[in-house]
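Numbers 64 to 412, taken from our numbering, label the letters of the sequence shown in order. Input: a single structure, listed below in structure tokens.
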Amino acid sequence: MSLLTTLDHFIHTNKKMAALLAPFFIFLSSACQAEDSMLKQKPYFTYRIEASGALFESKVNGILLEKNVKGTNMVVEQPVNHYMRTGKNRIGFQLYTRTPGDFGEAKITISLYVNQDEAHESHKKLLSQVTFNAAAFAKNKQATDAIKSSMPAVKMNSTNDFLADENGDVIVHAPQIEQSKVRPTGLHVYQEIELQTPFPLWGFLSADKLDFPDAFAEYVKNIKHYDKTIIDGLYLEHEKVYQLFKNQKLSEILPLFAERNSEMDIAMYLPEGSYEKQLSSALQGDFDNKDSYLKLSDAEFAKPTVSDGKELIRIGSPDMIRFADDENSIYDKYPIWFYKKDGKWIISR
């Protein structure tokens with residue numbers, strides 16, 4: 064018999080006493096419900112992209128997840144626990160165009176869901192959703208028309224199946240669309256959501272802010288400066304990792320990924336050491352594959368991708384460091400996100 068069932072039985076059999084204790088019962092009932100919030104247990108956040116004809120960069124909390132420069136159809140959903148935080152979170156995308164003002168037939172929807180860890184997908188709840196429809200934009204060039212299918216501002220109760228509630232603990236802000244700071248002919252579409260998570264403050268959130276511009280044109284104009292102050296030093300870090308991979312020194316490789324592995328264990332509710340074992344196993348498999356070779360892309364391809372908050376940076380494509388087995392078309396890539404703290408580069412993701 065549950066605590067609430069026991070209380071209900073007491074109320075029906077001891078009505079006078081129950082009347083005196085009613086305020087206590089209300090408080091206790093609310094506390095029990097609060098404990099039932101999925102957000103305080105093991106929430107599993109996923110980020111879903113559905114796009115066609117769109118040139119975009121999709122992000123969560125300003126961190127790049129997927130990039131599409133060809134406008135091909137894309138439907139992908141991935142976990143994002145390791146980027147979520149208590150407080151304000153943001154989902155969205157930078158939308159680009161080859162011809163200013165003409166987004167063609169672009170359509171893109173970004174959704175944030177939450178489920179209980181290991182629960183069936185059918186149980187997941189929609190927390191936030193932004194949609195851009197170029198057809199609606201083309202009618203009168205009103206940007207707000209293009210996002211009118213997005214999720215409106217609402218408060219939801221995480222203890223009551225995430226139903227709308229004016230006193231809800233999950234606050235979804237109105238969707239926004241504005242001129243892109245990256246490329247002036249593009250658009251930035253996003254939505255912010257405030258909620259609680261069980262996660263600690265991730266290491267990269269206390270990073271030293273990188274001195275890097277929002278505008279791509281500003282980066283190109285001063286590329287030598289940013290190469291000298293950021294990119295060259297970070298490429299040296301990749302060369303160190305590459306050399307350790309080449310020498311197959313797991314005892315020296317794994318400590319470099321210690322923070323990344325530890326935080327991923329926490330984010331995915333895995334036993335301590337799980338991600339280290341996964342990384343060790345993956346690397347050993349590549350070391351043992353005599354048909355594969357290790358490759359580090361040249362420095363000229365080390366173009367930076369920086370988070371909007373200027374904490375995280377990745378250079379080159381996700382396969383900057385990779386093992387390639389050309390004969391069997393097998394390519395194992397090791398994408399790395401770094402942040403800088405007190406002058407030291409740290410592997411975060």
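Don't be surprised by glycine CBs; every beta carbon is placed ideally from N, CA and C. Note that this is a predicted model, so its numbers are computed, not measured.
query	result
Alpha helix (DSSP H) runs wholly inside the segment 328 to 357, at least 4 long, in chain order	337 to 351
Three-state class that DSSP yields for Thr368 in the structure shown	strand
For Asp354, the nearest candidate out of Arg323, Asp208 and Ser392 (CA to CA)	Ser392
Three-state class that DSSP yields for Ser92 in the structure shown	Note that Ser92 scores 39 on pLDDT, short of 50, meaning its location in the model is unreliable and no value can be drawn from it.
Helix, strand or coil at Phe87 [DSSP, three-state]	Annotation note: pLDDT 43 at Phe87 (below 50); position unreliable, no value reported.
6 Å CB neighbourhood of Tyr397 in its chain, flanking five on each side removed	Ile384
Leu158 beta carbon less than 8 Å from that of Ala206	no
Spatially closest choice to Glu181 from Lys105, Thr248, Pro263 and Asn223, by CA coordinates	Lys105
Boundaries of the beta strand (DSSP E) in which Asp388 is found, first to last residue	Ile384 to Asp388
At least three beta-carbon pairs within less than 8 Å, the segment 145 to 156 to the segment 123 to 131	yes
Rounded straight-line distance, which links the Cα of His288 to that of Lys187	46 Å
Unbroken alpha helix (DSSP H) run spanning Phe119, endpoints	No alpha helix (DSSP H) contains Phe119, which is instead part of the beta strand (DSSP E) from Leu118 to Val123.
Close beta carbons around Lys340, own chain, < 8 Å, minus the five adjacent residues each side	none
Helix, strand or coil at Gly150 [DSSP, three-state]	strand
Continuous beta strand (DSSP E) stretch holding Gln141: start and end	Met137 to Pro142
Start and end residues, beta strand (DSSP E) containing Lys202	It is not in any beta strand (DSSP E) - Lys202 instead sits in the alpha helix (DSSP H) that spans Ala197 to Asn203.
Cutoff 7 Å; reference Gly167; Cβ partners in own chain excluding five residues on either side	Gly116 and Ala197
Through-space distance from Pro381 to Tyr356, alpha-carbon basis	17 Å
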